Amino acid sequence: MILKEVPIWDRPREKALNEGIKSLSNVELIAILLRTGVKEESVLNLSQKLLAKLNQMNDLNEITVTELCSIKGIGPAKAITVLAGVELGLRIVKFVPEKVKLTTPQAVFNLLKDELKPLKQETLVALYLNVKGELIIKKTLFMGTVNLIVIDAKEIFKWAYKYSASAIIIVHHHPSGDPTPSHQDLQMTKVLLQQADALGFVIIDHIIIGERFYSMKQQTNLFRR
Numbered sequence: 654m655i656l657k658e659v660p661i662w663d664r665p666r667e668k669a670l671n672e673g674i675k676s677l678s679n680v681e682l683i684a685i686l687l688r689t690g691v692k693e694e695s696v697l698n699l700s701q702k703l704l705a706k707l708n709q710m711n712d713l714n715e716i717t718v719t720e721l722c723s724i725k726g727i728g729p730a731k732a733i734t735v736l737a738g739v740e741l742g743l744r745i746v747k748f749v750p751e752k753v754k755l756t757t758p759q760a761v762f763n764l765l766k767d768e769l770k771p772l773k774q775e776t777l778v779a780l781y782l783n784v785k786g787e788l789i790i791k792k793t794l795f796m797g798t799v800n801l802i803v804i805d806a807k808e809i810f811k812w813a814y815k816y817s818a819s820a821i822i823i824v825h826h827h828p829s830g831d832p833t834p835s836h837q838d839l840q841m842t843k844v845l846l847q848q849a850d851a852l853g854f855v856i857i858d859h860i861i862i863g864e865r866f867y868s869m870k871q872q873t874n875l876f877r878r
């Protein structure tokens, strides 16, 4: 059966678009990498022939261009495409992201200054840390006006719960370049600290970024409880 004779909803690309890539079988995934079949043989049949050459899926890690090209209908271009897909998968599995340690306001400033300083609106970022002070995830949660930002505390704590964060650092920036906290900034921090205590979360600092940084933990009494 050639691919044109396969119902459109069963063709690998269409199936992936309609049902998601995870719905595809191994045969269908390889068929997408092969792209086309040969005369009188569909790409799905070609994919099945490739898999039949393997004892198990893990053998794809070791297969060579020569071995792939020994299958009728697979030339060097198709072989390299398959191997590139396999290699990309292996690299993703092996990738271990570098842990960013955020134990000082300066480290937070260095991490976010290039991202936040060019922005024209006040923007709030929450940093979620593990017990070692290493960054689990960074979430940009709220954007406001030139000098005002409105936040929803539930949104901040939702992510702390989801990622089992041991601590949270709140960061926002002042487009003016002056990181001195406003009365609203101080009040917002006070309320967030109270809500964090009530819910069992720990906010270890609120840092404002401008041309320099302002650490409320270091420069106010809000965190001295």
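For this note's numbering, add 653 to where a residue sits in the sequence shown, where the first one is 1.
We put the CB at the ideal spot given by N, CA and C, even for glycine.
In this text the structure is predicted, and so the values were computed from the model without any measurement.
Cβ neighbour criterion (16 or more within 10 Å) applied to residue i
i    : result
E775 : buried
Y814 : exposed
F762 : buried
V799 : Confidence in V799 is poor, its pLDDT being 48 and thus under 50, which makes the residue's placement unreliable; the coordinate value appears in the next sentence. Exposed.
S835 : exposed
I856 : buried
L782 : buried
A849 : buried
I862 : buried
K668 : buried
A818 : buried
S829 : exposed
R664 : buried
P729 : exposed
L697 : buried
F810 : buried
Residue i - DSSP class collapsed to helix/strand/coil
i    : result
S868 : strand
Y816 : coil
E693 : coil
F762 : helix
T719 : helix
P665 : helix
D831 : coil
N708 : coil
L846 : helix
I804 : coil
S700 : helix
R877 : coil
Q774 : coil
S678 : coil
F854 : coil
I727 : coil
F748 : coil
G738 : helix
Integer Cβ distance of residue i from residue j, believed to fall under 8 Å
i    : j    : result
T756 : G726 : About 57 Å; that fails the 8 Å criterion.
I683 : V753 : The pair is not a contact, with the Cβ atoms about 37 Å apart (cut-off 8 Å).
T842 : M869 : 6 Å
I821 : L769 : About 17 Å separates the two Cβ atoms, so there is no contact after all.
I860 : F854 : Not confirmed; about 17 Å, so no contact.
I733 : V718 : 7 Å
L614 : K731 : Nothing about residue 614 can be read from this structure; the chain reaches only from 654 to 878.
I804 : F795 : 5 Å
T714 : L743 : Thr is not the amino acid found at residue 714; the sequence shown has Asn there. Right, the Cβ-Cβ distance comes to about 7 Å (below 8 Å), so this counts as a contact.
P758 : Q871 : 7 Å
According to DSSP, residues forming a beta bridge with residue i
i    : result
A779 : K792, I823
H908 : In the structure displayed, the chain extends from 654 to 878; residue 908 sits before or after that span and is not available.
K754 : E787
Cβ-Cβ distance between residue i and residue j below 9 Å
i    : j    : result
E681 : S700 : yes
V778 : H827 : no
L703 : I724 : yes
D858 : I823 : yes
D838 : E864 : no
F876 : L846 : yes
M710 : N679 : yes
Within-9 Å CB hit, residue i to chain C
i    : result
S835 : Of the protein chains in this structure there is only one, and it is not chain C.
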